[in-house]
Amino acid sequence: MPPPAQFAVRIVSLDYEMREPAVGLDFTETRITGQALRRVPVIRIFGATPCGQKTCLHVHNVFRHFYVPY
């Protein structure tokens, strides 16, 4: 049996934006070459909790392969 969800949200919309890396949240250099990253992707998930509260989640450290059943 899977563990209970820590946070649940019904996805209404999602998108991403490229931002400067946030210290402590994002990688600041590439893992392959070690070069500094000027911009990193941040995924924004808009939706509502089971109690009806509206939310916007900012998901950091997601690169290339990310799948959300929609």
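The sequence shown begins at 24 in the numbering used here and counts up by one.
Don't be surprised by glycine CBs; every beta carbon is placed ideally from N, CA and C.
Remember, predicted model here, so these are calculated numbers, not experimental data.
Sixteen is the threshold: when 16 or more other Cβ atoms of the shown chains lie within 10 Å of the Cβ of residue 63, as they do, the residue is buried. When 85, 82, 76 and 83 are compared, the shortest CA-CA separation from residue 32 is found for 76.
Around the CB of residue 85, fewer than 16 other CB atoms lie within 10 Å, so the residue is classed as exposed. For residue 51, the three-state secondary structure derived from DSSP is coil.
Residue 83 sits away from residue 37, with the two beta carbons spaced by 7 Å or more.
Secondary structure note for residue 40: its beta strand (DSSP E) is the uninterrupted segment 33-42. Our two residues, residue 74 and residue 50, have alpha carbons roughly 34 Å apart in a direct line.
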